[in-house]
Amino acid sequence: MGNIRNTNNVFKVVVAVILLVPLLIAAPAQAASWSGNVVLSDPRPSATSVGYTLSITAGATTTANAVKCVIIEYDTSADGTGGIPTGLSGLATSTLSGTFTSANALSTFTRDATSAAVGILKFTHATGGTGSNGTVILSGVTNGSTADTSFFVRYNTYNNTDCTSSAQDSFVVAAIWTNGTVATIRIDPSLSYTINSIAAAGTCNGVTTTDASTSTSLDMRPTLVTNKVSGQRHDVATNATGGYSLYMREAALPTVGTDNIDALTVATYASPTAFSAAGTEAWGFSTNDAALAGGTGNRFTSGGAKWAPITTAVPGDVVADSAAPISGAGGQTQLCFQVGAGTATAAGVYTTTVIYTAAGNF
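Numbering-wise (the numbering used here), the sequence shown opens with residue 831 and increments by one.
Take a look at the structure:
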């Protein structure tokens, strides 16, 4: 009986060892855990052609085991039991790229979109490549349609193209689609205008001035042998899309009592001419705007200063302009005035008011 008892004890020990061995073999490999984030190229709900860039900052596979399968899953639950987010699409035609694998790039992996309708994609490569900290980029996705509710992107890698055995890395990241904020920026219309003096012996449209001006007045004293020239510089700036127009007119011809100074004859606004010779009664203006609207742009500047009578019609003739927004010194224009006296010009102090109107073309 003693021998039998010893034999039974040995048999029980052997059986226990046999039962333990399959338990060790069947235990699943523990997948590593990454650190990183997923950034969307466009987080707006229902946006198309969106790229999802997973940046792995730590924990990626660094062993010799090649990554042969990458599974990417979109789900409303972190554990993958919630289902594909509402409105998410484009997975079946999406593409994989990134720097996660060496030897064989992710872009060479074959897409398996069999389960794309439920939010799961598989990418496989028979040889694969060693994983390392880097990026996994899925491009061409159409975002889900629900804003401001988080969803989850699940990543798993395997050292086998069956995408089941030899698990390696895993990562679950929360993301969210959001409409963002609409920024409304309002730029108020602006227009600035100043009149500046030109000193005597200065120049106005290339002509030497004989009499100084102020920002509000002209004081000119022609003689039978000398015409007089004075001018002002007009600075206009505006953010109007069509630029600006500066109009000029006079209240009447320069007048004293019942006498007045005649306007420059023959010349017109559309066809200005050289000014009358000294000794001829005449009154007119010129502008150095070489791209003036209302006719040939350089009609007041080509071949030297040209002159025209001043209109009394409202709002006046355009004497300076720009077809686009203008700022700073770009809107400086010289307006010049010349007067001549003849033998029939009665002595006296002749006056008129020259009226300017600056208008932004908004």
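Just so it is clear, CB atoms sit at the ideal spot from N, CA and C, and this is done for glycine as well.
Bear in mind that the values here come from a model prediction, so they are computed numbers and not experimental data.
Beta-carbon proximity list for Ser975, same chain, < 6 Å, skipping 5 on both sides: In chain order, Pro875, Ser876, Thr916 and Gly917 place their CB closer than 6 Å to the CB of Ser975, counting only its own chain and leaving out the 5 sequence neighbours on each side.
Residues near Asp942 in its chain [Cβ-Cβ closer than 6 Å; skip 5 each side]: Annotation for Asp942: Lys952 place their beta carbon closer than 6 Å to its own, counting only its chain and skipping 5 residues before and after.
Simplified DSSP assignment, three categories, for Val1197: Only positions 831 to 1192 of the chain appear in this structure, which leaves residue 1197 out of reach.
Contact belief for Asn963 with Ala896 at Cβ below 8 Å, rounded distance in angstroms: Approximately 16 Å separates the beta-carbon atoms of Asn963 and Ala896; this is outside 8 Å, ruling out the contact.
Residues that Lys772 bridges to, as DSSP identifies them: Here the chain has residues from 831 to 1192 only, and residue 772 is not among them.
Residues sharing a beta bridge with Tyr1074, DSSP: Ser1152 and Gly1190, per the DSSP bridge assignment.
Distance between Ala1153 and Asp1089 (C-alpha atoms, nearest Å): In this model, Asp1089 and Ala1153 are separated by some 40 Å (Cα to Cα).
Unbroken stretches of the beta strand (DSSP E), 3 residues or longer, contained in the stretch 1094-1179: Along the stretch 1094-1179, the beta strand (DSSP E) occurs as fully enclosed runs of 3 or more residues at 1112-1117, 1147-1152 and 1162-1170, listed in sequence order.
Sub-9 Å separation of Val1149 and Met1078 beta-carbons: With respect to the 9 Å criterion, Val1149 and Met1078 are classified as neighbours on the basis of their beta carbons.
Cβ-based burial, Ala859 [other Cβ within 10 Å; buried from 16]: Unreliable positioning characterises Ala859 in this predicted model, as indicated by a pLDDT of 38, which lies under 50. The coordinate reading is nonetheless provided below. Under this definition Ala859 is an exposed residue.
Contact under 9 Å by Cβ, Val1066 with Thr1163: In this structure, Val1066 lies near Thr1163, with their beta-carbon atoms less than 9 Å apart.
Cα-Cα separation between Ser1045 and Thr1085, rounded to whole angstroms: Roughly 21 Å between the two C-alpha positions.
Three-state secondary structure (DSSP) of Gln1020: Looking at the sequence provided, one finds Ser at residue 1020 rather than Gln. The answer is coil: DSSP assigns Ser1020 none of H, G, I, E or B.
Inter-residue spacing [alpha-carbon to alpha-carbon] between Thr1033 and Ser1027: Going by the C-alpha atoms only, they are around 11 Å apart.
Integer Cβ distance of Gly1195 from Ile1185, believed to fall under 8 Å: The first residue shown for the chain is 831 and the last is 1192, placing residue 1195 beyond what the model contains.
Supposed close pair Val1055, Ala1108 - CB separation, criterion 8 Å: About 5 Å separates the two Cβ atoms, so the contact holds.
Residues that Asn867 bridges to, as DSSP identifies them: According to DSSP, which records beta bridges pairwise, Asn867 is partnered with Ser885.
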